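**Student:**
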Amino acid sequence: MAKRIGIEVSLAVSEAVKMAKADVVAAYPITPQTHIVESLAEHIANGELDAEYICVESEHSAMSACLGSSAAGARTYTATAGQGLELMHEVVYVAASMRLPIVMTVANRALSGPLSVWGDHSDVMAIRDTGWIQIFAENGQEAFDLTIWAFRIAEDKRVLFPTIVNLDGFHLTHVVEPIEIPTQEEVDKFLPEFKLPTSLDPRNPVSMGAFTIPQFYTEVKKSQAVDLENTMPVIKETLEELAKVFGRKYNPVETYMADGAETLILTMGSYSQTASLAVKELRSQGKKVGQVRLRLWRPFPFEELKQAVKGVKKLIVLDRAISLGGPGGPVASEIRSALYDLPNAPNIVGFIAGLGGRDILPEQFVEMINHGIELADKGQKGSYEMMGVRE
Amino acid sequence: MSNHTWKEIEKGAIVKEPGSARAYKTGDWRSQLPIYDKEKCVKCGVCYLYCPDAAIKIMPDGYIEVDEYYCKGCGICAKECWTGAFKMVPEGSKNDKQKK
Numbered sequence: 018m019a020k021r022i023g024i025e026v027s028l029a030v031s032e033a034v035k036m037a038k039a040d041v042v043a044a045y046p047i048t049p050q051t052h053i054v055e056s057l058a059e060h061i062a063n064g065e066l067d068a069e070y071i072c073v074e075s076e077h078s079a080m081s082a083c084l085g086s087s088a089a090g091a092r093t094y095t096a097t098a099g100q101g102l103e104l105m106h107e108v109v110y111v112a113a114s115m116r117l118p119i120v121m122t123v124a125n126r127a128l129s130g131p132l133s134v135w136g137d138h139s140d141v142m143a144i145r146d147t148g149w150i151q152i153f154a155e156n157g158q159e160a161f162d163l164t165i166w167a168f169r170i171a172e173d174k175r176v177l178f179p180t181i182v183n184l185d186g187f188h189l190t191h192v193v194e195p196i197e198i199p200t201q202e203e204v205d206k207f208l209p210e211f212k213l214p215t216s217l218d219p220r221n222p223v224s225m226g227a228f229t230i231p232q233f234y235t236e237v238k239k240s241q242a243v244d245l246e247n248t249m250p251v252i253k254e255t256l257e258e259l260a261k262v263f264g265r266k267y268n269p270v271e272t273y274m275a276d277g278a279e280t281l282i283l284t285m286g287s288y289s290q291t292a293s294l295a296v297k298e299l300r301s302q303g304k305k306v307g308q309v310r311l312r313l314w315r316p317f318p319f320e321e322l323k324q325a326v327k328g329v330k331k332l333i334v335l336d337r338a339i340s341l342g343g344p345g346g347p348v349a350s351e352i353r354s355a356l357y358d359l360p361n362a363p364n365i366v367g368f369i370a371g372l373g374g375r376d377i378l379p380e381q382f383v384e385m386i387n388h389g390i391e392l393a394d395k396g397q398k399g400s401y402e403m404m405g406v407r408e
Numbered sequence: 159m160s161n162h163t164w165k166e167i168e169k170g171a172i173v174k175e176p177g178s179a180r181a182y183k184t185g186d187w188r189s190q191l192p193i194y195d196k197e198k199c200v201k202c203g204v205c206y207l208y209c210p211d212a213a214i215k216i217m218p219d220g221y222i223e224v225d226e227y228y229c230k231g232c233g234i235c236a237k238e239c240w241t242g243a244f245k246m247v248p249e250g251s252k253n254d255k256q257k258k
């Protein structure tokens, strides 16, 4: 039987990797990811997890070691955050292009400068276009479940894409939550043994990550793009199976109190739960307000989003990152682009808040929604507004 | 060289056939071609040693042949040849055929 325990979310993620029986962990500690990899090192040192822990000298080496290990057919895991993700940046692209099903936890952290160890989404937005499947956890239970799921989706023979599970630095990584831990049998039932269709094998030699001339680069990119888009049915299918085994159902896009709503607030990650308190409050005041949560960031769930916002007049989008000198928040600009062709598309208002670990309290979400409705009514000047800035 | 469509590319662009770089026609890069004059050649083999692309083949009689599939036209053979047995001519000119 599954057991419900109070556990720090980082330790629960480590437990998930242990239960997924990873063969190799190659990681470099960085705040706020540290507890995850410290705990994994302990599991391995104590003989609770039969795996290699590669102590690398940097995140660039961590992801490079992951490439080799995954290419050899080992179930491979790493975790990083903020500057660490930046340091491994170029290898993150290579993992996706080589179609190696590595699983990575990103404990979302602001990017320097100024130096900050606290949470926002700048780090993952900088690797948005690398070709990884990218999903956001809202709470500890999701972080645990989606980590197990990440191995399943990444390794599916129809998929073979590396997968990132995002969890907000500190707001998730460092909190203790009640989390239901399934039995090893349940995990094994959901996650079959890993077998890479073509791996590095001296008996059947192949070249991986070969130099590509102009005659082939475009074809490789096209196949990568189409294959990533085509993972959507498999993503839904495997989330369905996860629900059957663990009893918890996740969707690429989810709504809360959205029935009959004229205004929706769109959020990603742990602040989704705070925002839902504001939505509940506004509903109790009789306002036609609801919430849409974007769980899957890549591949982008275009159709699911269109369904979720159908008939909605105003859409307020929260970004925890900023595209300096650009259209504001990366999420809002993608939402605008995704809904541009929709007949009667909602009026979209972008807010940037929660940068560098700044809290957004439920009452501030209430303010954001009310102010967003005002801006949508009169037409927002400029493409975004920053909330909670001292003037 | 093959003309795989995007649908025929292996996942991860894995190359399953070894030595596939052999098929890449680096001769396409050439703007000048070394025309070889057997009359001037003393079979010393210095061109063979210096050619960075192994595009010079030594024949059984000791004379050489330029492998135009790989020759990039760098001109090192013409520069190094003691007797001036190579003359670089523009690709596509009326003289860009090896002497028979």
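Protein chains in written order, with the numbering used here: chain G, 18 to 408; chain E, 159 to 258. Heads up, the beta-carbon is just placed ideally off N, CA and C, and yes, glycines get one too. On a predicted model such as this, the values are computed, not experimentally measured, just so you know.
Which value, in whole angstroms, describes the spacing of the CA atoms of M217(E) and D225(E)?
**Tutor:** In the second sequence, residue 217(E) corresponds to position 59, counting from 1. In the second sequence, residue 225(E) corresponds to position 67, counting from 1. The alpha-carbon atoms of M217(E) and D225(E) are separated by roughly 12 Å.
**Student:** Rounded to whole angstroms, what's the CA-CA distance from L299(G) to T272(G)? Just pull it up for me.
**Tutor:** For the purposes of this step, residue 299(G) is identified with residue 282 of the first sequence, where counting begins at 1. For the purposes of this step, residue 272(G) is identified with residue 255 of the first sequence, where counting begins at 1. Spanning the two alpha carbons is a distance of roughly 16 Å.
**Student:** How do the segment 325 to 343 of chain G and the segment 356 to 371 of chain G stand: do at least 3 beta-carbon pairs fall below 8 Å, yes or no?
**Tutor:** Segments in contact, yes.
**Student:** On the CB-based measure, 16 or more other CB atoms within 10 Å of its CB, does Y227(E) come out buried or exposed?
**Tutor:** In the second sequence, residue 227(E) corresponds to position 69, counting from 1. Under this definition Y227(E) is an exposed residue.
**Student:** Note down, in chain order, all residues in the segment 213 to 240 of chain E with a beta-carbon under 9 Å from any beta-carbon belonging to chain G.
**Tutor:** Correct list: empty, as no residue qualifies.
**Student:** Can you find a CB in chain E that lies within less than 8 Å of the CB of T169(G)?
**Tutor:** Looking up residue 169(G) in the first sequence gives position 152. Strictly speaking, residue 169(G) in this sequence is Arg, with Thr absent from that position. Not an interface residue.
**Student:** Among L128(G), I22(G), K38(G), L66(G), which one has its Cα closest to the Cα of L341(G)?
**Tutor:** Residue 341(G) sits at position 324 when you count from the first residue of the first sequence. With distances taken between Cα atoms, L341(G) lies closest to L128(G).
**Student:** Using the beta-carbon count (16 or more within 10 Å), is E159(G) buried or exposed?
**Tutor:** Position 142 of the first sequence, counted from the first residue, corresponds to residue 159(G). E159(G) is buried by the Cβ-count criterion.
**Student:** Tell me S224(G)'s beta-bridge partners as DSSP assigns them.
**Tutor:** By 1-based counting over the first sequence, the position of residue 224(G) is 207. According to DSSP, S224(G) bridges with V173(E).
**Student:** Locate the beta strand (DSSP E) running through E25(G), then write down its first and last residues.
**Tutor:** Indexing the first sequence from 1 puts residue 25(G) at position 8. Element bounds for E25(G): 20 to 25.
**Student:** DSSP state of A89(G), grouped into three classes?
**Tutor:** The residue you call residue 89(G) lines up with position 72 of the first sequence. Coil, per DSSP.
**Student:** Going along chain E, which residues have a C-beta under 8 Å from L84(G)?
**Tutor:** Position 67 of the first sequence, counted from the start, is the residue given in the question as residue 84(G). None at all; the shortest Cβ gap to chain E is about 11 Å.
**Student:** Starting from the Cα of P379(G), find the closest Cα among V243(G), S293(G), Q397(G) and give me that residue.
**Tutor:** Indexing the first sequence from 1 puts residue 379(G) at position 362. Per the Cα distances, S293(G).
**Student:** Taking the alpha carbon of W164(E) as the reference point, which residue from I198(G), F317(G), D162(G), K238(G) has its own alpha carbon closest?
**Tutor:** On the second sequence, residue 164(E) is found 6 positions in, with the first residue counted as 1. For the residues I198(G), F317(G), D162(G), K238(G), the minimum Cα distance to W164(E) belongs to K238(G).
**Student:** Taking its Cβ as the centre, do 16 or more other Cβ atoms sit within 10 Å of K35(G), making it buried, or is it exposed?
**Tutor:** Taking the first residue of the first sequence as position 1, residue 35(G) is located at position 18. When all chains shown are included, K35(G) counts as buried.
**Student:** Since K325(G) and V270(G) are thought to touch, with beta carbons under 8 Å apart, how far apart are those beta carbons, to the nearest angstrom?
**Tutor:** As a position in the first sequence, residue 325(G) is number 308, starting the count at 1. As a position in the first sequence, residue 270(G) is number 253, starting the count at 1. Note on identity: in this sequence residue 325(G) is Ala, with Lys being the wrong assignment. The Cβ separation is near 5 Å, so the contact holds.
**Student:** In chain G, which residues lie with their C-beta within 8 Å of the C-beta of K183(E)?
**Tutor:** Mapped onto the second sequence, residue 183(E) falls at position 25. Near K183(E) there are no residues of chain G at all, since even the closest Cβ is about 10 Å away, more than 8 Å.
**Student:** Can you give me the C-alpha to C-alpha distance between A178(G) and Q151(G), rounded to a whole angstrom?
**Tutor:** What you label residue 178(G) is simply residue 161 of the first sequence in a count that begins at 1. What you label residue 151(G) is simply residue 134 of the first sequence in a count that begins at 1. Correcting the residue type first, residue 178(G) is Phe in the shown sequence and not Ala. If I take the Cα positions, the gap works out to 10 Å.
**Student:** What's the gap between the Cα of V306(G) and the Cα of L356(G)?
**Tutor:** For this step, residue 306(G) is matched to residue 289 along the first sequence. For this step, residue 356(G) is matched to residue 339 along the first sequence. Taking the straight line from one Cα to the other gives about 19 Å.
**Student:** Figure out for me which residue from D195(E), E197(E), V200(E), G231(E) has the closest Cα to the Cα of A212(E).
**Tutor:** The residue you call residue 212(E) lines up with position 54 of the second sequence. Ranking the options by Cα distance to A212(E), first place goes to G231(E).
**Student:** Can you give the beta carbon distance from Y45(G) to A68(G), rounded, assuming they're within the 8 Å contact cut?
**Tutor:** The residue you call residue 45(G) lines up with position 28 of the first sequence. The residue you call residue 68(G) lines up with position 51 of the first sequence. Actually they are not in contact, since the Cβ atoms of Y45(G) and A68(G) sit about 16 Å apart, beyond 8 Å.
**Student:** Would you kindly work out how many angstroms separate the C-alpha atoms of T95(G) and E175(E), rounded to a whole number?
**Tutor:** For the purposes of this step, residue 95(G) is identified with residue 78 of the first sequence, where counting begins at 1. For the purposes of this step, residue 175(E) is identified with residue 17 of the second sequence, where counting begins at 1. Roughly 31 Å between the two C-alpha positions.
**Student:** Where does the unbroken beta strand (DSSP E) through H310(G) begin, and where does it stop?
**Tutor:** In the first sequence, the residue the question calls residue 310(G) occupies position 293. It is worth fixing the name first, because residue 310(G) is Arg in this sequence and not His. Here the beta strand (DSSP E) through R310(G) covers 306 to 311.
**Student:** Figure out for me which residue from G286(G), V383(G), L332(G), I53(G) has the closest Cα to the Cα of V141(G).
**Tutor:** As a working mapping, residue 141(G) is identified with position 124 in the first sequence. Of the candidates G286(G), V383(G), L332(G), I53(G), the one whose C-alpha sits nearest the C-alpha of V141(G) is G286(G).
**Student:** By a C-beta neighbour count over all protein chains shown, 10 Å radius and 16 as the cutoff for buried, is Q256(E) buried or exposed?
**Tutor:** Counted from its first residue, the second sequence places residue 256(E) at position 98. Result: exposed.
**Student:** With distances taken between CB atoms, is the gap from A143(G) to E103(G) smaller than 8 Å?
**Tutor:** For this step, residue 143(G) is matched to residue 126 along the first sequence. For this step, residue 103(G) is matched to residue 86 along the first sequence. The answer is yes: Cβ separation under 8 Å.
**Student:** At what residue ranges does the segment 157 to 198 of chain G contain a whole run of the beta strand (DSSP E), taking only runs of 3 or more?
**Tutor:** Entirely contained in the segment 157 to 198 of chain G, the beta strand (DSSP E) runs reaching 3 residues are, in chain order, 180 to 185, 193 to 198.
**Student:** Count the other CB atoms, across all protein chains shown, that sit within 10 Å of the CB of D439(G); report buried if there are 16 or more and exposed otherwise.
**Tutor:** Here chain G covers residues 18 to 408 and nothing more, so residue 439(G) does not appear.
**Student:** Quick check on the DSSP output: the beta strand (DSSP E) that includes M121(G) runs from which residue to which?
**Tutor:** One-based indexing of the first sequence puts residue 121(G) at position 104. Element bounds for M121(G): 120 to 125.
**Student:** Quick check on the burial criterion: 16 or more other C-beta atoms within 10 angstroms. Buried or exposed for T200(G)?
**Tutor:** Position 183 of the first sequence holds residue 200(G). T200(G) should be labelled exposed.
**Student:** Where do the ends of the alpha helix (DSSP H) carrying D205(G) lie?
**Tutor:** Within the first sequence, numbered from 1, the residue matching residue 205(G) stands at position 188. Per DSSP, D205(G) belongs to the alpha helix (DSSP H) from 201 to 207.
**Student:** Leaving out five residues on either side along the sequence, give the residues of the same chain with a beta carbon under 6 Å from the beta carbon of A43(G).
**Tutor:** By 1-based counting over the first sequence, the position of residue 43(G) is 26. Same-chain partners within the cutoff: I71, V73, A79, A82, C83, T95.
**Student:** At the level of alpha carbons, what is the spacing between F382(G) and T291(G)?
**Tutor:** Position 365 of the first sequence, counting from 1, holds the residue named residue 382(G). Position 274 of the first sequence, counting from 1, holds the residue named residue 291(G). If I take the Cα positions, the gap works out to 8 Å.
**Student:** Answer yes or no: does any C-beta atom of chain E fall closer than 8 Å to that of A295(G)?
**Tutor:** The residue given as residue 295(G) occupies position 278 in the first sequence. No, A295(G) does not count as interfacial toward chain E.
**Student:** Taking any Cβ of chain E, which residues in the segment 210 to 225 of chain G have a Cβ under 7 Å from it, in chain order?
**Tutor:** Listed by position along the chain: T215, P222, V223, S224, M225.
**Student:** Excluding sequence positions up to five away, which residues of its chain have a Cβ less than 6 Å from the Cβ of R169(G)?
**Tutor:** Here residue 169(G) is taken as the residue at index 152 of the first sequence, counted from 1. Hits under 6 Å: L208, T255.
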